[in-house]
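J.: Counting in my numbering, the sequence shown runs from 326 upward without gaps.
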Amino acid sequence: MTLAVRYTSARTLDTAPAQTAPPGPGEVELAPAYVGICGTDLHIFHGDMDARVSTPAVLGHEMSGRVVRVGEGVQGWQPGDAVTVMPLRWDDTCPACRAGHQHICQHLDFIGIDSPGAMQQRWTVPASTLIRLPDSLPLDRAALVEPTAVAVHDVGRAGVREGEKVVVVGGGPVGILIALVARGAGADVRVVELSAHRRLLAEELGLATWDPAGADVRALVGQWTGDAGADVAFEVSGAAGGVDTAVEVLGVRGRLCLVAIHPRPREVNLHRFFWRELTLIGARLYDRSDFEKAVALVADGTIPAERLISKVVPLTQAPAAFEALEGGGEVMKILVDCTSDDDIEGAAV
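#1: Can you tell me where the beta strand (DSSP E) with Gly361 in it begins and where it stops?
#2: Taking 8 angstroms as the limit between beta carbons, can you name the residues of its chain near Glu529, skipping five residues before and five after?
#3: Tell me the start and end of each unbroken beta strand (DSSP E) in the region 552 to 633 that is at least 3 residues and wholly inside, in chain order.
#4: Leaving out five residues before and five after Arg591 in sequence, what residues of the same chain have Cβ atoms less than 6 angstroms from its Cβ?
#5: Unbroken beta strand (DSSP E) runs of length 3 or more, entirely within the region 388 to 436: which are they?
#6: In or out: Asp625 buried (at least 16 other Cβ within 10 Å) or exposed?
#7: Tell me the DSSP secondary structure of Ala540 in three-state form.
#8: Hey, is the region 637 to 651 in contact with the region 490 to 509, meaning 3+ C-beta pairs nearer than 8 angstroms?
#9: With H, G and I counted as helix, E and B as strand and the rest as coil, what does DSSP make of Thr345?
#10: Skipping 5 residues on each side, what residues in its chain have a beta carbon closer than 7 angstroms to that of Pro404?
#11: Do you know how far the Cα of Val378 is from the Cα of Ala331?
#12: Using alpha carbons as the reference points, say which of His386, Val584, Leu605 and Thr333 lies closest to Gly496.
#13: Arg465 lies in the alpha helix (DSSP H); which residues open and close that run?
#14: Are the Cβ atoms of Val574 and Ala553 separated by less than 8 angstroms?
#15: Apart from the five residues just before and just after Val499, which ones in its own chain have a Cβ nearer than 7 angstroms to its Cβ?
#16: How close, in whole Å, do the beta carbons of Leu469 and Val360 come, if the pair is a contact with beta carbons under 8 angstroms?
#17: Residues in the same chain with beta-carbon distance under 8 angstroms from Cys419, minus the five sequence neighbours each way, listed in chain order, please.
#18: Alpha helix (DSSP H) containing Ile503: first to last residue?
#19: Counting C-beta neighbours from all protein chains within 10 Å, is the total for Gly671 16 or more, i.e. buried, or is it exposed?
#20: According to DSSP, simplified to helix, strand and coil, what is Leu367?
#21: Mind checking which residues open and close the alpha helix (DSSP H) that includes Leu328?
#22: Could you tell me the boundaries of the alpha helix (DSSP H) in which Asp479 lies?
#23: CB Thr523 to CB Val514, shorter than 8 angstroms?
#24: In the DSSP assignment, find the beta strand (DSSP E) that holds Leu660 and state where it starts and stops.
#25: Are there three or more Cβ pairs, one per stretch, closer than 8 angstroms when the region 448 to 457 is compared with the region 345 to 352?
#26: Going by DSSP, what residue range makes up the alpha helix (DSSP H) through Arg523?
#27: Measure the Cβ-Cβ separation of Phe435 and Leu455 and say whether it is below 8 angstroms.
#28: Quick check on the DSSP output: the alpha helix (DSSP H) that includes Ala649 runs from which residue to which?
#29: How far does the beta strand (DSSP E) with Leu384 in it extend, from its first residue to its last?
#30: Kindly identify the DSSP beta-bridge partner or partners of Gln445.
#31: Is the CB-CB distance between His426 and Leu610 below 8 angstroms?
#32: Between the alpha carbons of Asp366 and Ala335, how many angstroms are there, rounded?
#33: What residue range is occupied by the uninterrupted beta strand (DSSP E) comprising Arg457?
#34: So, at 8 angstroms on beta carbons, what are the nonlocal neighbours of Gly579 in its own chain, with the 5 sequence-adjacent residues on each side left out?
#35: Within this structure, are the beta carbons of Arg482 and Ile606 separated by less than 8 angstroms?
This is how it looks when you write it as structure tokens:
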């Protein structure tokens, strides 16, 4: 018997014994090592996604681990292999899939939301979702490959080019990762973030930051760009003010890449879009090439994953970790250690 973290209702998680089905044809059983808690997991925890999530739901999709068993017909994988998972299962028949956009399949199964996730001690997934990790990459750092793949996809969708001026609005984990990936692509980057703690971390990583509460960001962009405006802005804050800032900083024919999940419709200055011929780009999820590039960026240190990990907790303390993340600014990324041998009799059921 193994343990799993389960969402049961708004603001209620438990750790309980779970049965893992043996891998069937084309499937692989994994032993998750570390699982990151992300913003989407917090949305689920708050009850915001109850219309989509079936309870009790095992959460988690930012993970690293090792292969335990392989099912019939699986080739190229063996027990002990270090892996992460691209947590997408598509139908290959819908219009999006037929157009080559399987990652935004119209009937997408996002594993960890629509079906059981990685926050458990054993996890069975399709072998097609596995992404190989280099043996030299520590598994705690590898748990940040998935959010890095998000950043790689976002930067690619925005078409960031060497020498461009890029503003990232929101300095949480994904915002920092976008800034690092954009910098790696040769862009000149500024991060706009209210939290002093997050600004300090960004600056320690060599990123320039602005505090929107203490400065006129639009004026700063004007000074930085010779009044031309930024080439690209990423909206990663999820706040109405963040949308306004991302639109206002853009120069003529600038691109706004929308990354954050906004819980409600926002007012947008469409006159600005008209006047400057701006472009709005949506960015959701990733494909395999994004994941493979993310593995390389984490492995070579372009993404200093260890600096973004604020805390590691055992599986049985995951519910408390969700509450800690609600405070926001003082915590960047919390990982759940699924390798703990905590006594399952002490877990809530």
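Even glycine gets a Cβ: it sits at the ideal position worked out from N, Cα and C.
T.: Well, looking at it:
#1: Glu352 to Gly361
#2: Correct list, in chain order: Arg632.
#3: 555 to 560, 575 to 583 and 604 to 607
#4: Around Arg591: Ala565 and Val568.
#5: The region 388 to 436 contains these whole beta strand (DSSP E) runs: 407 to 410.
#6: exposed
#7: In the structure shown, Ala540 sits in coil (DSSP, three-state: anything other than H, G, I, E or B).
#8: no
#9: coil
#10: Val392, Val393 and Arg394
#11: Checking the displayed sequence, the identity of residue 331 turns out to be Arg instead of Ala. Looking at the two C-alpha atoms, the distance is approximately 11 angstroms.
#12: Val584
#13: The displayed chain sequence assigns Asp, not Arg, to residue 465. Looking at the DSSP string, the run of the alpha helix (DSSP H) that includes Asp465 is Leu464 to Ala467.
#14: Taking 8 angstroms as the Cβ cut-off, Val574 and Ala553 do not qualify as a contacting pair.
#15: Pro472, Val475, Ala476, Val561 and Val584
#16: That belief does not hold up - the Cβ atoms of Leu469 and Val360 are roughly 11 angstroms apart, past 8 angstroms.
#17: Cys430, Gln431 and His432
#18: Pro498 to Gly509
#19: Confidence in Gly671 is poor, its pLDDT being 37 and thus under 50, which makes the residue's placement too unreliable to answer from.
#20: Helix at Leu367.
#21: No alpha helix (DSSP H) holds Leu328; the beta strand (DSSP E) holding it covers Thr327 to Ser334.
#22: Val470 to Ala483
#23: For the sequence presented, residue 523 should be read as Arg rather than Thr. No; because the gap between Cβ atoms is not below 8 angstroms, this pair is not in contact.
#24: Lys658 to Asp662
#25: yes
#26: Ala521 to Glu529
#27: no
#28: Ala643 to Leu650
#29: Premise fails: Leu384 is in no beta strand (DSSP E) and is neither H nor E.
#30: Ala329
#31: It is not a contact, given that the beta carbons lie outside the stated cut-off.
#32: C-alpha separation (whole angstroms): 12 angstroms.
#33: Leu455 to Arg457
#34: Gly554, Ala555, Asp556, Val557, Ala558, Arg601, Leu603 and Thr604
#35: Yes, the Cβ-Cβ distance between Arg482 and Ile606 is below 8 angstroms.
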